[in-house]
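Encoded as structure tokens, the structure appears first; notes follow it.
Numbering (the numbering used here), first residue to last: 423 to 617.
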């Protein structure tokens, strides 16, 4: 008694042979004439160093300026970075710079206000804005009617190297409750004020 292979195996062998016969005269395709491009991997960022530097800046900004630093700045109502012409502060006070950005701190706590000020200035610098306004309020709702944010905002601004000058806005634009701030350009060039 002989054993015949199952029909499936015979069919598979026939199909394979038929396929080989069909492609016998075929020539292989040439490899594609394309360049495979993979973008370079991003450079690693020193995240811990960035976090450490940010923590140091936050800590330094929470301490108000002492009276000597305010005296060096000219007065408590205005600030001018050393090496910047006094004409710059005069032009700022006279409104010769166009206000390009605005932040209102009403309703913020001290810590929220500090984060908002930092974010706002970074955003303004990134957008190439030179003159901005921050409304800190007069402190009429504060205990003792002392403007806590008023003093702190000035302190925070004076500690930033990218702030060249600031002064109180005129009464029509917030008066004692607002500051006009002149920022350094990203290219560190000196432009004449917008007229």
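By construction, the Cβ of each residue, glycine as well, lies at the ideal position given by its N, Cα and C atoms.
Legend entry - Own chain partners of residue 590 with C-beta closer than 6 angstroms, once the 5 adjacent residues on each side are dropped: Your numbering for residue 590 matches position 168 in the chain shown. Here the set comprises 499 and 598.
Inset, instruction - Taking only the alpha-carbon atoms, compute the straight-line gap between residue 473 and residue 508 and give it to the nearest angstrom. - result: Within the chain shown, numbered from 1, the residue matching residue 473 stands at position 51. Within the chain shown, numbered from 1, the residue matching residue 508 stands at position 86. If you take the alpha carbons of residue 473 and residue 508, they lie about 36 angstroms apart.
Legend entry - Beta-carbon gap between residue 535 and residue 579 smaller than 7 angstroms: Counting from one through the chain shown, the residue named residue 535 turns up at place 113. Counting from one through the chain shown, the residue named residue 579 turns up at place 157. Contact: no.
Inset, instruction - Could you tell me whether the region 513-524 touches the region 547-558, using the rule of 3 or more Cβ pairs below 8 angstroms? - result: Yes: at least three Cβ pairs fall under 8 angstroms.
Inset, instruction - In angstroms with no decimal places, state the Cα-to-Cα distance between residue 537 and residue 554. - result: Indexing the chain shown from 1 puts residue 537 at position 115. Indexing the chain shown from 1 puts residue 554 at position 132. When rounded, the distance between both Cα atoms is 16 angstroms.
Legend entry - For residue 590, three-class secondary structure by DSSP: For the purposes of this step, residue 590 is identified with residue 168 of the chain shown, where counting begins at 1. Strand.
Legend entry - Separation of residue 515 from residue 540, as counted between CA atoms: The sequence position of residue 540 within the chain shown is 118, counting from 1. The sequence position of residue 515 within the chain shown is 93, counting from 1. Rounded to the nearest angstrom, the gap between the Cα atoms of residue 540 and residue 515 is 23 angstroms.
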